[in-house]
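Enquirer: Structure provided below as structure tokens; questions to follow.
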Amino acid sequence: MKLDRYDIKILTELQKDGSLSNQELADRIGLTPAPCSRRVHQLQDNGVIERYVARVNERQVGLNLVALLYISMDKHIPERFAAFEQAIAEIPEVIECYLITGHDADYQLKVAVSDMDSYHDILLGKITRIQGVSGVNSSFIMRKVVESAPLPLHYAQRDI
């Protein structure tokens with residue numbers, strides 16, 4: 001799919017506010033509602049727009065401690081990684097998980113909990129019990145500096 005300037009405008013506006021009505025979106029990008037709606041549906045059907053979510057403030061719902069964990073695995077074999085990924089996906093406090101390179105770790109996790117006791121329970125009661133986990137390094141987020149910045153869409157004008 002090749003994105004044109006209207007597709008880029010649609011994506012830019014929806015990244016700012018995913019709750020826009022089709023009429024509001026059409027007005028902002030300079031299209032009538034029908035073609036705007038068709039374009040949004042095409043972007044969804046082609047997987048460019050994956051989903052719509054509501055951003056929830058962690059502190060407002062009692063998640064006062066957010067940590068980044070760097071996980072090292074004992075064996076670098078597909079079965080070990082697959083088992084880890086399946087196990088980690090079942091822990092609701094893990095809100096992000098990345099397989100990474102360039103670090104002394106194999107995975108980076110983002111974990112949100114209410115306090116240090118809860119973190120301790122998740123770390124020792126669940127994460128370190130996953131077969132293959134050989135090391136964990138933790139960093140705690142003190143303050144958000146940039147969050148949910150829109151993707152730089154100037155790269156999207158190529159075929160995707």
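No gaps in the numbering here: position 152 of the sequence shown is 152 in full-length UniProt numbering, and each next residue is one more. Quick reminder that beta carbons are idealized off the backbone N, C-alpha and C, glycines included.
#1: What span of residues does the beta strand (DSSP E) with residue 108 cover, start to end?
#2: What does DSSP give as the partner residue(s) for residue 230 in the beta ladder?
#3: Ignore the nearest five residues each way along the sequence and tell me which others in residue 102's own chain have a CB closer than 8 Å to its CB.
#4: In angstroms with no decimal places, state the Cα-to-Cα distance between residue 120 and residue 74.
#5: What are the boundary residues of the beta strand (DSSP E) that residue 125 is part of?
#6: Output the distance between the C-alpha atoms of residue 25 and residue 141, rounded to the nearest integer angstrom.
#7: Identify, in the order they occur along the chain, each residue of the same chain with its Cβ nearer than 8 Å to the Cβ of residue 160, setting aside the five sequence neighbours on each side.
#8: Under the rule that 16 or more other beta-carbon atoms within 10 Å means buried, what is residue 104, buried or exposed?
#9: If we count Cβ pairs, one from each stretch, closer than 8 Å, do we get three or more for the segment 31-50 versus the segment 9-23?
#10: Using the three-state DSSP reduction, which class does residue 10 fall into: helix, strand or coil?
Expert: Based on what the coordinates show:
#1: Locating residue 108 in the sequence shown gives position 108, counting from the first residue. According to the DSSP assignment, residue 108 belongs to the beta strand (DSSP E) that extends over 107-113.
#2: Since the first and last residues shown for the chain are 1 and 160, residue 230 lies out of range.
#3: In the sequence shown, residue 102 corresponds to position 102, counting from 1. Sequence-distant partners of residue 102 (beyond 5 residues in either direction) whose C-beta falls short of 8 Å from its own C-beta are missing from its chain.
#4: Position 120 of the sequence shown holds residue 120. Position 74 of the sequence shown holds residue 74. The alpha-carbon separation between residue 120 and residue 74 amounts to approximately 22 Å.
#5: Start at 1 with the first residue of the sequence shown, and residue 125 comes out as number 125. Here residue 125 belongs to no beta strand (DSSP E); instead the alpha helix (DSSP H) covers 116-125.
#6: As a first step, residue 25 must be located in the sequence shown, where it is residue number 25. As a first step, residue 141 must be located in the sequence shown, where it is residue number 141. In this structure, the CA atom of residue 25 is about 35 Å from the CA atom of residue 141.
#7: The residue labelled residue 160 in the question sits at position 160 within the sequence shown. Below a pLDDT of 50, predicted positions are generally treated as unreliable, and residue 160, at 47, falls in that range; the measurement from the model is reported next regardless. Once the five neighbours on either side are set aside, the close Cβ partners of residue 160 are 1, 2, 3, 48.
#8: On the sequence shown, position 104 is the one that residue 104 refers to. Sixteen is the threshold: since fewer than 16 other Cβ atoms of the shown chains lie within 10 Å of the Cβ of residue 104, the residue is exposed.
#9: Yes, since at least three Cβ pairs between the segment 31-50 and the segment 9-23 fall closer than 8 Å, the two stretches touch.
#10: Start at 1 with the first residue of the sequence shown, and residue 10 comes out as number 10. Taken through DSSP and simplified to helix, strand or coil, residue 10 comes out as helix.
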